[in-house]
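Report on the structure given below.
Protein chains: 2
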Amino acid sequence: MSITIYDVAKKAKVGIGTVSRAINDSPHISPHTRDKVLQVVKELKYQPHAMAQGLARKKTKIIACIVPFFTGYFFVELLRSIQRDISAYGYDLILYSVDEMNKKEVFLKRALREKKVDGVLVFSLPINDNDANIFINNNFPIVLIDSYHRDLDSISIQNQQGAYLATRHLIELGHTRIAMITGHIQSIPAQRRLEGYKIALHEDDIEFKENYVLYIDSSEVNADLMLNDGFNEKSGYQLMLRLLESGTERPTAVFVSSDIQAIGAMKAIREKGLSIPDDIAVVGFDDIELARLLGLTTIHQPIAEMGHYAVKRLIDRMNGHNADHYECDMETHLVIRRTCGSINNESNDFF
Amino acid sequence: MSITIYDVAKKAKVGIGTVSRAINDSPHISPHTRDKVLQVVKELKYQPHAMAQGLARKKTKIIACIVPFFTGYFFVELLRSIQRDISAYGYDLILYSVDEMNKKEVFLKRALREKKVDGVLVFSLPINDNDANIFINNNFPIVLIDSYHRDLDSISIQNQQGAYLATRHLIELGHTRIAMITGHIQSIPAQRRLEGYKIALHEDDIEFKENYVLYIDSSEVNADLMLNDGFNEKSGYQLMLRLLESGTERPTAVFVSSDIQAIGAMKAIREKGLSIPDDIAVVGFDDIELARLLGLTTIHQPIAEMGHYAVKRLIDRMNGHNADHYECDMETHLVIRRTCGSINNESNDFF
DNA sequence: TCACTTGCTGGAAGTGCTTCCACAATGTGA
DNA sequence: TCACATTGTGGAAGCACTTCCAGCAAGTGA
Chain A
6 MSITIYDVAK
16 KAKVGIGTVS
26 RAINDSPHIS
36 PHTRDKVLQV
46 VKELKYQPHA
56 MAQGLARKKT
66 KIIACIVPFF
76 TGYFFVELLR
86 SIQRDISAYG
96 YDLILYSVDE
106 MNKKEVFLKR
116 ALREKKVDGV
126 LVFSLPINDN
136 DANIFINNNF
146 PIVLIDSYHR
156 DLDSISIQNQ
166 QGAYLATRHL
176 IELGHTRIAM
186 ITGHIQSIPA
196 QRRLEGYKIA
206 LHEDDIEFKE
216 NYVLYIDSSE
226 VNADLMLNDG
236 FNEKSGYQLM
246 LRLLESGTER
256 PTAVFVSSDI
266 QAIGAMKAIR
276 EKGLSIPDDI
286 AVVGFDDIEL
296 ARLLGLTTIH
306 QPIAEMGHYA
316 VKRLIDRMNG
326 HNADHYECDM
336 ETHLVIRRTC
346 GSINNESNDF
356 F
Chain B
6 MSITIYDVAK
16 KAKVGIGTVS
26 RAINDSPHIS
36 PHTRDKVLQV
46 VKELKYQPHA
56 MAQGLARKKT
66 KIIACIVPFF
76 TGYFFVELLR
86 SIQRDISAYG
96 YDLILYSVDE
106 MNKKEVFLKR
116 ALREKKVDGV
126 LVFSLPINDN
136 DANIFINNNF
146 PIVLIDSYHR
156 DLDSISIQNQ
166 QGAYLATRHL
176 IELGHTRIAM
186 ITGHIQSIPA
196 QRRLEGYKIA
206 LHEDDIEFKE
216 NYVLYIDSSE
226 VNADLMLNDG
236 FNEKSGYQLM
246 LRLLESGTER
256 PTAVFVSSDI
266 QAIGAMKAIR
276 EKGLSIPDDI
286 AVVGFDDIEL
296 ARLLGLTTIH
306 QPIAEMGHYA
316 VKRLIDRMNG
326 HNADHYECDM
336 ETHLVIRRTC
346 GSINNESNDF
356 F
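Line order of the protein sequences matches chains A and B.
Take 6 as the starting number for the first sequence in the working numbering and just add one per residue.
Take 6 as the starting number for the second sequence in the working numbering and just add one per residue.
Written out as structure tokens, the structure is:
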């Protein structure tokens with residue numbers, strides 16, 4: 006039905022091995038024969054069958070992305086960047102969306118045991134030792150993005166430095182009563198960001214107050230608030246309400262350690278009849294598209310670059326470059342918009 | 006290295022054909038033998054090799070999604086819905102992001118000629134006759150979502166009815182000077198939505214004014230404004246500015262036929278020192294997440310359902326149910342928020 | 001009892017490639 | 001001139017499955 010390597014071989018009057026060598030740029034073929042074969046390939050519009058190649062080569066030229074779908078824009082941009090990159094390397098991308106690695110069984114079965122993909126990129130999902138060992142024991146290429154495990158390659162961002170920049174900015178604007186809202190306190194990002202916040206406060210001799218730090222922990226019963234390690238809109242809203250209703254002296258600024266939480270927090274602030282930034286200044290973290298549209302001052306993550314490095318690393322691993330464990334922490338920077346009360350750079354504001 | 010069907014056959018003391026029949030639920034096997042084989046399969050943790058199965062069966066169990074990546078949330082939600090559905094059918098999803106079908110050559114080569122996928126879902130991308138014929142001639146399963154071609158299966162929404170609802174709502178609020186901003190006027194959605202707008206006006210004997218309708222057409226030189234058939238933030242901004250600076254009597258309301266354009270338009274309105282909804286009421290179209298967060302009154306599209314129907318249809322096609330050409334127009338509904346000046350249902354408001 | 005069907009089973013053939021091995025046709029140096 | 005590399009080539013053997021066909025045993029009806 007569809008044309009095969011045999012059709013090409015027959016028409017070009019050569020053996021199938023020669024055709025294979027011609028289309029795969031093998032050095033063991035004379036230029037003359039190669040040209041002759043490629044000419045026929047073009048005439049017949051021959052295209053090697055992916056499955057057959059995969060079977061023979063033991064490579065699928067497909068990589069899997071494991072994505073928790075709920076966080077919208079961040080993943081769209083990351084996926085776009087990654088898709089573009091791997092496409093240039095001749096790979097295709099299979100997308101698996103899992104909720105907190107719940108369905109990881111299905112994925113592991115499909116992708117690994119069926120040998121459907123050559124490598125895996127995991128986005129923002131916590132990996133436990135058990136998961137990690139499956140990859141390590143099978144010597145299966147994997148790179149984590151915005152996630153961490155001590156035995157796996159990972160690309161993340163300088164959480165601590167970002168939180169430091171955010172807090173530092175608020176301090177420079179004259180704030181001293183600065184609260185912090187974050188996600189699941191056991192998660193690496195939450196911990197690192199808390200450290201950055203503390204360092205900035207300490208540097209300026211501002212007292213650190215326990216009740217100015219709001220977070221989600223494992224005792225949380227509301228499953229909604231646990232989503233995405235506690236970095237979600239609802240948790241931002243709830244934690245901000247909790248802060249405002251706690252009776253503690255009201256802070257004049259709050260560093261919310263994810264934009265999506267900041268949006269929830271801002272909603273809570275407005276509902277209490279308070280003004281942003283006059284009553285409470287807000288700085289987020291992530292720089293998702295919403296942040297730009299809402300004028301949220303935040304910490305920018307170099308999303309595209311993260312994807313870029315991750316792909317590069319994964320390709321290396323897939324090519325057997327079995328280098329040491331690799332970690333890369335990318336730099337962040339502050340993006341000043343409206344919610345912090347700083348006047349510069351209002352051009353991007355929306356409201 | 007990895008265990009094959011031969012290992013299972015040997016350990017179960019049966020032939021490889023029998024193992025194949027056992028794992029594929031063939032009726033031509035005795036229950037006793039099947040159980041015995043499946044027991045060994047479990048013991049050895051045997052998993053059939055996807056490529057080998059694919060080669061033998063001439064099926065990959067993979068479908069491709071062709072996505073224009075720029076419109077963020079709409080696609081994330083659609084992808085999630087589709088991924089969930091096809092996963093239930095045992096399929097995996099390869100993601101191709103193309104910009105306006107520019108890279109479609111690469112995709113066609115990879116996915117179709119290499120036989121890497123069993124079917125294709127195309128999101129929101131214009132398909133020309135040439136593209137369509139490639140699929141038709143190869144009898145290759147394809148379903149369009151939020152797009153249309155007379156010879157291909159498509160799932161879209163009732164654009165005309167949605168635009169009617171939006172305009173009708175503004176009329177009911179007492180507006181008579183209602184402008185409309187839309188995308189590329191040659192595109193099907195833009196045309197249908199314009200019709201809906203006209204019908205609503207006509208029904209109430211409101212005069213239709215040419216200079217109240219702003220759109221992008223092929224003469225547009227700025228490529229940014231042409232992105233995504235003109236449905237983009239920049240075009241919304243520019244067209245709104247054009248309207249406000251045109252000297253025509255200022256409208257009291259505007260129906261912007263995509264949310265993302267509405268966001269641009271609202272920016273322009275605010276920059277001119279006008280208030281929403283007091284000076285100009287705004288209604289969008291799409292109900293992307295941003296609309297909810299910004300309190301934008303808009304027309305909701307049943308995104309998940311669209312994905313659901315599309316997958317169902319594609320699976321049918323792939324199973325050879327060669328029914329007639331299929332079109333499905335899903336119903337839309339109005340979501341009232343803040344930007345139209347209507348007071349009900351403010352609970353979702355953000356600002 | 002014998003012909004004939006029915007139900008399972010084993011394994012060869014086929015899927016479309018890559019890769020290896022053998023071999024022919026050159027070229028090379030003494 | 002002869003031994004020995006070197007280069008290019010054809011095609012068998014693989015990859016790990018599905019499917020088909022033949023064969024065997026048991027069942028069926030006259």
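Backbone N, C-alpha and C fix where the C-beta goes; we use that ideal spot for every residue, glycine too.
The structure displayed is predicted, hence computed values, not measured ones.
Residue burial is scored here from C-beta neighbours: Asp222 of chain A has fewer than 16 other C-beta atoms within 10 angstroms and is therefore classed as exposed. Using a CB distance cut-off of 9 Å, Val125 of chain B does not count as an interface residue toward chain A. Residues of chain B with a Cβ closer than 8 Å to the Cβ of Ser102 of chain A are, in chain order, Leu84, Arg85, Gln88 and Arg89. Beta-bridge annotation (DSSP): Thr302 of chain A is paired with A:Val288.
Leu130 of chain B carries a coil assignment under DSSP once its states are collapsed to helix, strand and coil.
In its chain, beyond the 5 residues on either side, Asp90 have a beta carbon closer than 8 Å to the beta carbon of Lys317 of chain B.
Boundaries of the beta strand (DSSP E) harbouring Val148 of chain A: Ile147 to Ile150, taken from the DSSP string. Segment contact: the segment 239–257 of chain A against the segment 266–274 of chain A, three or more CB-CB distances shorter than 8 Å; contact assigned. Of A:His54, A:Lys64, A:Lys63 and A:Ile28, the smallest CA-CA separation from Lys47 of chain A is found for A:Ile28.
Interface flag for Met245 of chain A against chain B is unset, since no Cβ pair is found closer than 9 Å. Apart from sequence neighbours up to five positions away, the residues of its chain that approach Pro53 of chain B with a beta-carbon distance below 8 Å are Ile10 and Ile28, ordered along the chain.
Of the candidates B:Arg343, B:Glu119, B:Lys214 and B:Ala315, B:Arg343 places its Cα closest to the Cα of Ser280 of chain B. Using a CB distance cut-off of 9 Å, Ser129 of chain A does not count as an interface residue toward chain B. Between the segment 202–211 of chain A and the segment 139–148 of chain A, the count of C-beta pairs closer than 8 Å stays below three; the two stretches do not touch.
By the beta-carbon neighbour count (other beta carbons within 10 angstroms, threshold 16), Gln88 of chain A is buried. Interface residue (Cβ-Cβ distance to chain B less than 9 Å): Asp97 of chain A is classified as such.
The alpha-carbon of Cys345 of chain B is positioned some 24 Å away from that of Ile274 of chain A.
Contacts with chain A at 9 Å (Cβ-Cβ) include Arg118 of chain B.
For Asp97 of chain B, there is no enclosing alpha helix (DSSP H); the residue is part of the beta strand (DSSP E) that begins and ends at Asp97 to Ser102.
With contacts defined by Cβ atoms closer than 9 Å, Gly167 of chain B and Arg198 of chain B form a contacting pair. In this chain, Tyr94 of chain A is not harboured by any alpha helix (DSSP H), its DSSP state being neither H nor E. Residue ranges of uninterrupted alpha helix (DSSP H) with 4 or more members, entirely inside the segment 218–264 of chain B and ordered along the chain, are 228–231 and 238–249.
Note on geometry: alpha-carbon atoms of Ala14 of chain B and Ala61 of chain A lie some 22 Å from one another. Proximity to Ala195 of chain A across A:Glu294, A:Asn164 and A:Phe213 peaks at A:Asn164, based on C-alpha coordinates. In the structure shown, Asp334 of chain A adopts extended strand secondary structure according to DSSP, grouped into three states.
In the three-state reduction of the DSSP assignment, Leu339 of chain B falls in the strand class, which pools E and B. Ranked by how close their Cα comes to the Cα of Arg173 of chain A, the residues A:Thr253, A:Gly201 and A:Pro36 have A:Gly201 in first place. Pairing Tyr217 of chain A with His189 of chain A gives a Cβ-Cβ distance that is not under 9 Å. Residue burial annotation: Gln306 of chain B is buried, with at least 16 other C-beta atoms found within 10 angstroms of its C-beta. Near chain A, meaning a CB-to-CB distance below 8 Å, the residues of the segment 36–57 of chain B are Lys50, Gln52, Pro53, His54, Ala55, Met56 and Ala57. Setting aside the 5 residues that flank it on each side, Ile132 of chain B is surrounded in the same chain by His154, each with a C-beta closer than 6 Å to its C-beta; the list follows chain order. Residue contact check for Leu60 of chain A against chain B: a CB pair falls below 9 Å.
Residues of chain A with a Cβ closer than 7 Å to the Cβ of Leu298 of chain B are, in chain order, Ile268 and Leu295. Thr337 of chain B and Gly289 of chain B have their C-alpha atoms roughly 13 Å apart. Val72 of chain A is bridged by DSSP to A:Ser102.
When the five nearest sequence neighbours on each side are left out, the beta carbons in the same chain lying within less than 8 Å of the beta carbon of Ser25 of chain B are those of Ile10 and Ser31, in order along the chain.
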